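Be aware that the sequence shown starts at 3, since it is given in the working numbering, and climbs by one per residue.
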Amino acid sequence: LIPHQSFGVAERIGRTFSLQPIDGIFGMAWPKIASDNIEPPLQRILRKFGEPMFTVWMSRSADIALGGVGGVVTYGGFDSVHCNANISWVNLTAQTFWQFSIQGYSLGNVSSAVEQQAISDTGTSWIGGPRKDIDRMLNALNASFSSRFHAHTLDCSRRFDAPDLVFKIDSQLYAIPSYEYILNARLEDNRCMVTLFVKDDFDDDVPRWTFGDTFIRTYCNVYDFGGSRIGFSKAKHNNDLYRKYS
């Protein structure tokens with residue numbers, strides 16, 4: 003219960019949201035970007051717990067709209083049930099979104115050692131980045147664009163043997179296996195989606211990368227307001243459930 007909490011009401015809803023089985027958006031970023039200087043409900047919730055932090059674990063379930071468990075949010079602490087105990091902490095570079103620096107990436111025979119800014123965003127399904135980098139990754143996978151599905155696809159037989167997508171963050175390497183970033187969305191002709199997209203809508207001060215659910219399914223994200231940092235921990239998954247939805 004959060005007494006006397008102010009919240010915004012949408013006067014118009016975009017088509018994307020109207021098609022989703024959701025009733026609203028619960029912001030989980032820093033108070034600095036809240037509308038009209040309203041204290042976000044998350045801040046008030048965390049005051050009720052021992053630590054000003056929360057952990058997000060996301061499942062691989064394909065039946066969320068039918069009542070399946072999409073994930074777990076642990077308020078006020080770390081999720082030791084769904085996440086490995088070893089947490090790698092990274093200092094934030096801004097207290098707006100959950101923003102941090104990455105020092106490069108690799109995928110097969112393509113790589114980069116350019117330092118760029120990234121954010122962790124539970125509201126983004128895929129991993130987004132600059133056109134040049136995303137195009138290099140897609141070319142390395144020999145993925146082809148489907149105008150029908152508005153995404154790059156490849157044959158589902160590649161889902162388990164394509165190279166890992168690896169990001170370097172604060173000297174640590176974070177590998178995302180191909181079965182995490184290649185999604186079996188039950189398309190025709192045995193095609194699977196590559197969960198990468200181009201971010202074209204940024205200015206110089208906007209982070210170039212967005213690490214969405216593809217990354218968070220692989221690594222639990224621990225959001226620490228008190229330490230102004232974000233932690234990454236290998237996510238635990240039920241392999242039998244995964245095979246069921248593969």
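Even glycine gets a Cβ: it sits at the ideal position worked out from N, Cα and C. Every value quoted in this text rests on a predicted model; they were computed, and no experiment measured them.
| Asked | Found |
| --- | --- |
| Check whether residue 122 and residue 223 have beta carbons under 7 Å apart | yes |
| Collapsed DSSP secondary structure at residue 126 in the structure displayed | coil |
| Residue 117 versus residue 107 - alpha carbon distance | 10 Å |
| Proximity winner among 31, 79 and 59, relative to residue 52 (alpha-carbon distances) | 79 |
| Backbone secondary structure at residue 4 - three-state DSSP | coil |
| Member of 229, 191 and 182 whose CA lies at the smallest distance from the CA of residue 221 | 182 |
| Residue 5 versus residue 229: straight-line alpha-carbon distance, rounded | 27 Å |
| Three or more C-beta pairs below 8 Å linking the region 188-202 and the region 29-48 | no |
| Span of the alpha helix (DSSP H) around residue 134 | 133-143 |
| Nearest-angstrom beta carbon gap, residue 55 and residue 225 [assumed within contact, 8 Å] | 6 Å |
| Distance, residue 213 Cα to residue 49 Cα | 27 Å |
| Buried or exposed (CB count within 10 angstroms, at least 16 for buried), residue 73 | buried |
| Cβ neighbour criterion (16 or more within 10 Å) applied to residue 102 | buried |
| Proximity to residue 188 [Cα-Cα], best of 177, 236 and 161 | 161 |
| Three-state secondary structure assigned by DSSP to residue 236 | strand |
| Cβ-based neighbour list, residue 81, same chain, cut-off 7 Å, excluding 5 preceding and 5 following | 57, 59, 74 and 222 |
| Neighbour-count burial assignment, residue 151, 16 or more Cβ in a 10 Å radius | exposed |
| Reduced DSSP secondary structure (H/G/I, E/B, other) of residue 245 | Below a pLDDT of 50, predicted positions are generally treated as unreliable, and residue 245, at 44, falls in that range; the measurement from the model is reported next regardless. Helix, per DSSP. |
| Classification of residue 115 by the beta-carbon crowding that lies within 10 angstroms, buried from 16 upward | exposed |
| The alpha helix (DSSP H) enclosing residue 171, as first and last residue numbers | Element bounds for residue 171: not the alpha helix (DSSP H) but the beta strand (DSSP E), 167-171. |
| Residue 57 - partner residues in DSSP beta bridges | 76 and 224 |
| Expected contact under 8 Å - CB spacing of residue 128 and residue 232 to nearest Å | Contact flag wrong, Cβ pair sits at about 19 Å. |
| Outcome for residue 175 when other beta-carbon atoms lying within 10 angstroms are tallied against a minimum of 16 | exposed |
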